[in-house]
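Per the numbering used here, residue 1 is the first one in the sequence shown, and the count goes up by one each step.
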Amino acid sequence: MKQEKIYLKDYKAPTFSVEGINLDFILNEDFCRVIAKSEIKKQTPGAELRLNGEELKLVSVKINGKALAAGEYETTEEELIIKTVPDIFTLEIETELQPQNNTSLEGLYKSSGIFCTQCEAQGFRKITYFFDRPDIMTSYSVTIEADKKKYPVLLSNGDRIKVEDVGNGRHKAFWRDPHKKPCYLFALVAGDLGVIRDTFTTKSGRKVNLEVYAAHGKQERCWHAMASLQKSMKWDEDTFGLEYDLNDYMIVAIDDFNAGAMENKGLNIFNSRLVLADSNSATDVDFHSIESVVAHEYFHNWTGNRVTLRDWFQLSLKEGLTVFRDQEFSADMTDRGVQRIEDVDALRAGQFAEDAGPNAHPVRPESCMAVDNFFTMTIYEKGSEVIRMMQTIVGRKGFRKGMDEYFKRHDGQAVTTEDFAAAISEPNGKDFSQFRRWYHQAGTPTIAINEHFDDAKGEYHLTLEQHCAPTPNQPTKDPFHVPLMMGLLDKSGQELPLSCDKIQVNTDGKNLIELKDKKETYVFKGLKDRPVLSILREFSAPVNLSWNAKEEDLYFLMEKDTDSFNRREMTQKLALRVFHKLIDQARNKAPLNMDSRFVNAMSALIRSNDMDPAFKAKMLQLPSYAVLAQVESVLDAEAFHQARVALRTAIARENRQQLLDIYHKYHGVDPKSHDPKVFGHRSLKNQALTYLAELNDPEIMDVVNNQYQQAQNMTDRMTALMILADSESKHREAALNDFYQNWKDDSVVINKWFTAQATTSRKQTLEDVKALTKHPAFNITNPNNVYSLLRAFGANLVRFHDPKTDAYEFYADKILEIDGKNPQVAARLCAAFNFVQKLDPVMKDKVLTQIKRMVAVPNLSKNSRELLQSALT
Ligand code: ZN
Numbered sequence: 001m002k003q004e005k006i007y008l009k010d011y012k013a014p015t016f017s018v019e020g021i022n023l024d025f026i027l028n029e030d031f032c033r034v035i036a037k038s039e040i041k042k043q044t045p046g047a048e049l050r051l052n053g054e055e056l057k058l059v060s061v062k063i064n065g066k067a068l069a070a071g072e073y074e075t076t077e078e079e080l081i082i083k084t085v086p087d088i089f090t091l092e093i094e095t096e097l098q099p100q101n102n103t104s105l106e107g108l109y110k111s112s113g114i115f116c117t118q119c120e121a122q123g124f125r126k127i128t129y130f131f132d133r134p135d136i137m138t139s140y141s142v143t144i145e146a147d148k149k150k151y152p153v154l155l156s157n158g159d160r161i162k163v164e165d166v167g168n169g170r171h172k173a174f175w176r177d178p179h180k181k182p183c184y185l186f187a188l189v190a191g192d193l194g195v196i197r198d199t200f201t202t203k204s205g206r207k208v209n210l211e212v213y214a215a216h217g218k219q220e221r222c223w224h225a226m227a228s229l230q231k232s233m234k235w236d237e238d239t240f241g242l243e244y245d246l247n248d249y250m251i252v253a254i255d256d257f258n259a260g261a262m263e264n265k266g267l268n269i270f271n272s273r274l275v276l277a278d279s280n281s282a283t284d285v286d287f288h289s290i291e292s293v294v295a296h297e298y299f300h301n302w303t304g305n306r307v308t309l310r311d312w313f314q315l316s317l318k319e320g321l322t323v324f325r326d327q328e329f330s331a332d333m334t335d336r337g338v339q340r341i342e343d344v345d346a347l348r349a350g351q352f353a354e355d356a357g358p359n360a361h362p363v364r365p366e367s368c369m370a371v372d373n374f375f376t377m378t379i380y381e382k383g384s385e386v387i388r389m390m391q392t393i394v395g396r397k398g399f400r401k402g403m404d405e406y407f408k409r410h411d412g413q414a415v416t417t418e419d420f421a422a423a424i425s426e427p428n429g430k431d432f433s434q435f436r437r438w439y440h441q442a443g444t445p446t447i448a449i450n451e452h453f454d455d456a457k458g459e460y461h462l463t464l465e466q467h468c469a470p471t472p473n474q475p476t477k478d479p480f481h482v483p484l485m486m487g488l489l490d491k492s493g494q495e496l497p498l499s500c501d502k503i504q505v506n507t508d509g510k511n512l513i514e515l516k517d518k519k520e521t522y523v524f525k526g527l528k529d530r531p532v533l534s535i536l537r538e539f540s541a542p543v544n545l546s547w548n549a550k551e552e553d554l555y556f557l558m559e560k561d562t563d564s565f566n567r568r569e570m571t572q573k574l575a576l577r578v579f580h581k582l583i584d585q586a587r588n589k590a591p592l593n594m595d596s597r598f599v600n601a602m603s604a605l606i607r608s609n610d611m612d613p614a615f616k617a618k619m620l621q622l623p624s625y626a627v628l629a630q631v632e633s634v635l636d637a638e639a640f641h642q643a644r645v646a647l648r649t650a651i652a653r654e655n656r657q658q659l660l661d662i663y664h665k666y667h668g669v670d671p672k673s674h675d676p677k678v679f680g681h682r683s684l685k686n687q688a689l690t691y692l693a694e695l696n697d698p699e700i701m702d703v704v705n706n707q708y709q710q711a712q713n714m715t716d717r718m719t720a721l722m723i724l725a726d727s728e729s730k731h732r733e734a735a736l737n738d739f740y741q742n743w744k745d746d747s748v749v750i751n752k753w754f755t756a757q758a759t760t761s762r763k764q765t766l767e768d769v770k771a772l773t774k775h776p777a778f779n780i781t782n783p784n785n786v787y788s789l790l791r792a793f794g795a796n797l798v799r800f801h802d803p804k805t806d807a808y809e810f811y812a813d814k815i816l817e818i819d820g821k822n823p824q825v826a827a828r829l830c831a832a833f834n835f836v837q838k839l840d841p842v843m844k845d846k847v848l849t850q851i852k853r854m855v856a857v858p859n860l861s862k863n864s865r866e867l868l869q870s871a872l873t
């Protein structure tokens with residue numbers, strides 16, 4: 001296996017084109033045969049033919065029907081090379097595969113007896129020799145032949161042509177996809193599956209057959225995915241004028257899947273955890289994730305499939321844009337303000353950490369070892385923020401104009417992020433040349449804020465200065481073009497008119513500062529009193545603020561800001577200040593002094609009656625350990641934990657009765673409803689219950705246990721189970737056993753049971769996790785099992801970074817064990833080591849010892865190697 005870097009600057013246009021490909025699959029139990037017949041045209045005189053292929057058994061190669069002799073071609077570990085080929089020819093390649101032994105879950109593999117594929121990013125080369133690059137687009141005709149009893153369902157992309165019997169108890173299906181596509185969007189499914197069906201009629205009258213497939217007996221849990229698909233199709237028509245372009249749309253749920261889901265043309269393949277849901281088995285969060293991922297994959301049909309990537313360095317062209325689209329969809333389906341808070345929380349906890357760690361990379365990277373390592377929070381979530389900033393600068397109307405232009409220019413093409421930026425900026429008369437640095441420079445910029453009020457002149461001076469710390473290979477950065485949504489408030493909380501000539505108003509009427517220089521001062525005139533600044537409204541740019549704001553201003557904004565995002569942001573800022581002091585005291589073994597002003601403010605929130613419950617739940621949520629790990633200079637997990645428990649306990653103690661009142665008010669309200677409003681009620685009452693659980697009060701634990709026992713939906717059951725699992729309550733063991741007995745045969749649900757035990761703050765968590773890796777329900781080749789037990793443990797900062805345990809060594813052992821079978825899954829575990837620079841010297845040394853041990857393994861995959869060795873430099 002080559003372990004070299006590939007570079008964007010080495011990109012070369014293809015030297016051949018493919019006019020069409022026929023793929024014949026003959027599926028058997030012991031081996032499968034693939035015959036690939038392509039019509040190829042030379043585009044560059046003299047070019048030699050080089051096709052990608054890995055782990056293939058080559059049976060024969062024919063050019064224009066004539067088999068090549070051994071000396072007429074060459075194969076290496078990664079390629080098939082034919083030095084001289086005609087200008088136009090038919091290439092026929094026969095290969096043999098063993099999907100039943102494919103543990104990498106890329107290419108063609110088997111999951112619970114079902115044949116399925118995952119070709120993105122480079123899995124197609126494990127099916128046949130081909131140009132495995134996204135800028136080779138062609139039309140596909142596919143046949144699948146298999147045993148009729150074992151594999152009654154035979155699916156591929158595009159239009160169903162026919163199915164015929166071929167004797168011997170076997171049948172054969174014919175598919176044809178009229179749309180040209182890159183091979184990473186190819187898909188095949190063969191198996192015995194249940195299905196639900198419905199339709200959607202597009203605005204121009206095309207009646208589309210919608211099908212969702214799952215294991216027999218599970219199909220009744222697919223209706224939420226079906227409804228989500230219908231909503232997405234309608235939303236994309238209403239919002240962007242985009243219609244579906246085939247007669248069939250299929251979703252298939254698979255139990256063994258490396259990622260969340262895949263947007264293969266007309267045939268999405270999903271991790272079953274993102275399809276199957278009913279109120280008994282899925283939480284409100286699951287319902288919400290399913291809706292958003294179904295939408296995400298559907299939206300790819302235009303942003304990804306119709307317009308695709310020139311090369312993998314452009315991945316954010318489709319992923320950032322499609323995440324932006326699914327976030328906007330979710331905002332329209334639920335509550336815009338709450339959705340934005342959730343999206344920013346996820347960005348901060350995951351992407352900001354990535355951007356500050358050893359694997360920081362730009363949204364459009366320049367180099368990599370393993371393309372599959374690009375499926376990161378930076379490419380997806382920061383990529384989405386970059387698109388959002390474009391929309392903020394040109395406004396919604398302007399953005400729609402730009403999107404129309406993008407499809408007008410590039411439908412059917414494989415393009416770059418530069419093409420996208422041009423399509424948005426040019427019709428809007430905007431210059432994005434500086435803006436494009438967001439694609440090229442890694443790292444999270446910090447904006448330092450300085451305020452000065454000149455009483456005599458009635459002028460408010462706001463000075464902004466941007467800075468971005470070095471990231472790997474980027475020691476210095478040029479200034480970014482930062483859109484900052486802002487406002488000034490008077491003493492009563494009213495918005496003041498902004499008399500400053502540097503303020504832009506976008507087409508939505510929002511006030512913006514477009515900071516472009518390293519440092520700039522904005523003068524606001526005609527003010528009687530010192531105004532209160534509200535800046536970075538709606539989190540209009542992915543930046544940190546360094547703002548030594550007056551505490552009274554933060555409390556004022558928390559109560560009065562007209563921007564709901566910033567109201568909640570102020571609770572986070574204040575909580576971080578409180579945590580900082582407590583962590584300091586804990587680290588110095590001093591008594592923890594509670595900040596009564598903050599506790600009182602939280603009490604006032606708890607007692608307020610005029611707040612939307614979903615928003616109130618967000619207001620009460622304190623910053624996560626992952627956020628603390630970024631803002632504190634040392635990751636001292638034990639001190640973080642003490643600080644957090646102390647603050648939460650203080651809030652709970654002050655408000656025991658009020659929290660119980662909230663709990664009872666919303667408990668049992670419409671337990672089966674999937675309405676986002678009801679989700680909000682449940683999240684508030686479960687938030688109240690988790691606060692109360694800090695009190696270690698047996699009476700409260702009885703309430704928790706009753707909720708567990710009597711729950712009528714998985715949200716309530718899981719909340720109670722998580723609380724019990726993280727306690728020493730006498731109900732703990734019985735609840736965990738009960739849950740296991742009820743769900744042991746349900747591969748999706750049992751993962752929740754693993755996570756509940758892997759994420760506790762109890763001292764014996766590591767021992768529990770070790771034992772669970774030997775439990776009959778745990779299968780190390782199943783990615784969901786690995787993520788819900790091991791990755792969840794790696795993200796449990798308190799127990800993962802416990803100096804008294806050998807957690808790092810155990811975790812490294814598991815990475816090595818998994819790496820041999822499935823490099824993509826192993827690589828996803830490596831992120832747990834991203835905080836290495838934040839550890840104290842003793843812990844850092846322990847981590848580095850493990851990383852060195854892993855990197856020394858000669859056949860470590862390039863996926864894991866790339867992510868681990870960066871921590872050593
Ligand atoms: Zn995607």
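Heads up, the beta-carbon is just placed ideally off N, CA and C, and yes, glycines get one too.
Give a yes or no on whether the minimum CB-CB distance between residue 788 and chain B is below 8 Å.
Going by chain labels, chain B is absent from the structure shown, which holds only one protein chain.
May I ask whether a heavy atom of the ligand ZN can be found less than 7 Å away from the beta carbon of residue 328?
No heavy atom of the ligand ZN is found nearer than 7 Å to the CB of residue 328.
Selected residue, minimal CA-CA separation from residue 222, among 258, 282, 146:
282
Which residues bound the beta strand (DSSP E) around residue 522?
Residues 519-524.
Rounded separation between residue 577 and residue 801 - CA only
23 Å
Return the CA-CA distance between residue 9 and residue 366, expressed in angstroms with no decimal places.
7 Å
Since residue 175 is in the beta strand (DSSP E), which residue starts that stretch and which ends it?
170-181
DSSP beta-bridge partners of residue 249:
210
Proximal residues to residue 793 (C-beta, below 6 Å), its chain only, five neighbours per side dropped
758, 769
Under the three-state DSSP convention, the category residue 485 falls into:
DSSP, reduced to helix, strand and coil, places residue 485 within a strand of the structure shown.
For residue 463, which residues in the same chain have their Cβ closer than 6 Å to its Cβ, ignoring the five residues on either side in sequence?
Closer than 6 Å at Cβ, skipping near neighbours: 450, 521.
Looking at the secondary structure, which residues open and close the beta strand (DSSP E) in which residue 142 lies?
138-147
With a Cβ-Cβ cutoff of 8 Å, do residue 846 and residue 811 count as a contact?
Taking 8 Å as the Cβ cut-off, residue 846 and residue 811 do not qualify as a contacting pair.
What are the boundary residues of the alpha helix (DSSP H) that includes residue 398?
383-410
Can you name, in chain order, every residue of its own chain whose Cβ lies under 7 Å from the Cβ of residue 744, other than the five neighbours on each side?
750, 777
Do you know how far the Cα of residue 868 is from the Cα of residue 369?
12 Å
Which first and last residues belong to the beta strand (DSSP E) in which residue 566 is found?
Segment 564-587 is the alpha helix (DSSP H) holding residue 566; no beta strand (DSSP E) there.
If you draw a straight line from the C-alpha of residue 388 to the C-alpha of residue 304, how long is it?
In a straight line, the C-alpha of residue 388 is about 18 Å away from that of residue 304.
Taking all protein chains shown into account, decide if residue 217 is buried (16 or more other Cβ within 10 angstroms of its Cβ) or exposed.
exposed
Confirm, please, whether the CB-CB distance from residue 293 to residue 317 is below 8 Å.
no
So residue 760 and residue 726 are supposed to be a Cβ contact under 8 Å. How far apart are they, rounded?
4 Å
Is any heavy atom in the ligand ZN found nearer than 7 Å to the beta carbon of residue 376?
It does not: the Cβ of residue 376 is nowhere closer than 7 Å to a heavy atom of the ligand ZN.
Among 82, 589, 54, 572, which one has its Cα closest to the Cα of residue 67?
Nearest in C-alpha terms to residue 67, of all of 82, 589, 54, 572, is 82.
According to DSSP, simplified to helix, strand and coil, what is residue 305?
Three-state result, residue 305: coil.
Within 8 Å, do at least three Cβ pairs link the region 151-161 to the region 223-232?
no
Within the present structure, is the beta-carbon of residue 319 separated from the nearest heavy atom of the ligand ZN by less than 7 Å?
For the ligand ZN, at least one heavy atom lies less than 7 Å from the Cβ of residue 319.
Where does residue 156 sit, in a helix, a strand or coil, going by DSSP?
Looking at residue 156 - three-state DSSP - the assignment turns out to be strand.
Can you determine whether any heavy atom of the ligand NAP sits closer than 7 Å to the C-beta of residue 775, and answer yes or no?
By its list of ligands, the structure shown excludes the ligand NAP, since it contains just the ligand ZN.
Sort 470, 724, 542, 184 by Cα distance to residue 346 and report the nearest one.
542
Cβ atoms of residue 620 and residue 572: under 8 Å apart, would you say?
no
DSSP three-state assignment for residue 190, whether helix, strand or coil
If DSSP states are grouped into helix, strand and coil, residue 190 belongs with the strands.
Look up residue 32 in the DSSP assignment and say whether it is helix, strand or coil.
strand
Near the ligand ZN: residue 54 beta-carbon under 7 Å from a heavy atom:
no
Determine whether the beta carbon atoms of residue 721 and residue 642 lie at a separation below 8 Å.
Taking 8 Å as the Cβ cut-off, residue 721 and residue 642 do not qualify as a contacting pair.
Does the separation of the CB atoms of residue 286 and residue 111 fall below 8 Å?
no
Is residue 300 close to the ligand ZN? I mean its beta-carbon at under 7 Å from any heavy atom of the ligand.
yes
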